[in-house]
Amino acid sequence: MQQPQHLYDRATTVFSPNGRIYQVEYAREVVKRGSTVVGVTAEDGIGFLSGRRSSSRLAIQDSVEKIFEVDDHIGAASCGLVADARTLVDIARHISAGNQLRYDEPIEVHALARQLSTRIHAYTQTGGARPFGVSMLLGGLNNEAKLYETDPSGAYIGYKAGALGNRRQNVMNELENRFEPDQELDEALAAGFASITAQTESEEREEEFEGAVITTEGFRRLSPEEIQDLHDVT
15 MQQPQHLYDR
25 ATTVFSPNGR
35 IYQVEYAREV
45 VKRGSTVVGV
55 TAEDGIGFLS
65 GRRSSSRLAI
75 QDSVEKIFEV
85 DDHIGAASCG
95 LVADARTLVD
105 IARHISAGNQ
115 LRYDEPIEVH
125 ALARQLSTRI
135 HAYTQTGGAR
145 PFGVSMLLGG
155 LNNEAKLYET
165 DPSGAYIGYK
175 AGALGNRRQN
185 VMNELENRFE
195 PDQELDEALA
205 AGFASITAQT
215 ESEEREEEFE
225 GAVITTEGFR
235 RLSPEEIQDL
245 HDVT
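Just so we're aligned, residue 15 is where the sequence shown starts under my numbering, counting upward by one.
As structure tokens, this is what we get:
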């Protein structure tokens with residue numbers, strides 16, 4: 015006799031009869047409800063853009079951080095629970111600093127994505143813990159620009175350009191039409207911004223955005239004027 019679903023969705027250590035872990039799927043639903051974030055690669059760097067929803071006109075927008083500096087050459091954009099994102103960023107920073115201390119060289123972006131995803135995966139196998147309710151676009155610059163998406167299950171996948179959030183599929187479709195692998199960073203950022211705003215309703219076009227770039231000079235946040243320039247291009 016098959017047991018009801020609710021008997022299988024109370025723990026991350028129990029598979030349902032059809033091979034699902036419901037708590038991981040619930041964590042993915044949190045990500046799907048988040049504001050859209052985009053990451054793009056270019057010949058000369060990595061770019062991140064994220065929308066920021068305002069809960070009140072009295073809120074200070076800069077206090078809502080969804081793009082993080084992990085190291086001089088690596089950044090991350092989060093979608094989902096911001097508190098969970100901060101925890102993962104702290105873990106990523108610890109891994110990156112440990113690699114620098116042990117090997118005296120910056121960590122490869124792929125190595126960081128793999129090690130961080132291993133930590134995320136551990137929370138899908140541990141009793142008394144829940145999966146992280148956040149996905150991240152983790153990107154950086156070693157010899158070339160690399161971008162990876164992490165999943166609450168602990169899986170990760172590489173992208174030339176990627177998106178997360180409540181309009182993910184629409185934005186990904188736009189990116190496929192607008193993004194070119196040989197674009198310079200400014201052009202790739204403009205393509206990413208156009209992909210986010212192309213599918214929004216008119217009343218949402220005034221949504222606040224934050225952005226950051228990673229080049230050979232390191233991690234740098236975009237100023238409001240630079241983001242406005244992207245808006246003017248679209």
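Ideal Cβ placement from N, Cα and C applies to all residues, glycine included.
Given the structure is predicted, the values throughout are model-derived calculations rather than measurements.
For Arg42, which of Glu201, Ile88, Cys93 and Arg66 has the nearest alpha-carbon?
Cys93
Are the segment 128-136 and the segment 88-105 in contact at 8 Å, needing three or more beta carbon pairs?
yes
Ordered along the chain, which non-local residues of its own chain (more than five positions away) have a Cβ less than 8 Å from that of Asn180?
Lys46, Arg47, Gly48, Ser49 and Thr50.
Does the structure place the segment 30-40 close enough to the segment 184-197 that three or more beta carbon pairs sit under 8 Å?
At 8 Å Cβ cutoff, the stretches do not touch.
Candidates Thr164, Ile210, Asn157 and Tyr170, of which the one nearest Glu119 by Cα
Asn157
From this set, Glu201, Gly141 and Thr230, which residue's C-alpha is nearest Asp243's C-alpha?
Glu201
N- and C-terminal bounds of the beta strand (DSSP E) containing Glu83:
Ile81 to Asp85
Where Glu239 sits in the DSSP three-state scheme:
helix
Kindly list the residues whose CB is nearer than 8 Å to the CB of Thr27, restricted to its own chain and excluding five residues on each side of it in sequence; keep chain order.
Gln139, Thr140 and Gly141
Hey, quick one: how far does the alpha helix (DSSP H) through Leu161 stretch, first residue to last?
Here Leu161 belongs to no alpha helix (DSSP H); instead the beta strand (DSSP E) covers Ala159 to Thr164.
Considering Leu151, what are the terminal residues of the beta strand (DSSP E) in which it resides?
Note, Leu151: beta strand (DSSP E), Val148 to Leu155.
Cα-Cα separation between Ala91 and Tyr22, rounded to whole angstroms:
32 Å
If you check the beta carbons only, do Gly172 and Tyr162 fall under 7 Å apart?
Contact: yes.
N- and C-terminal bounds of the alpha helix (DSSP H) containing Glu284:
With the chain covering 15 to 248 only, the question about residue 284 has no answer from this structure.
Name the residue from Glu188, Arg24, Ala177 and Phe233 whose alpha carbon lies nearest to the alpha carbon of Gly65.
Ala177
What are the boundary residues of the beta strand (DSSP E) that includes Glu57?
In this chain, Glu57 is not harboured by any beta strand (DSSP E), its DSSP state being neither H nor E.
I'd like the span of the alpha helix (DSSP H) that includes Phe207, first residue to last.
Leu199 to Ala212
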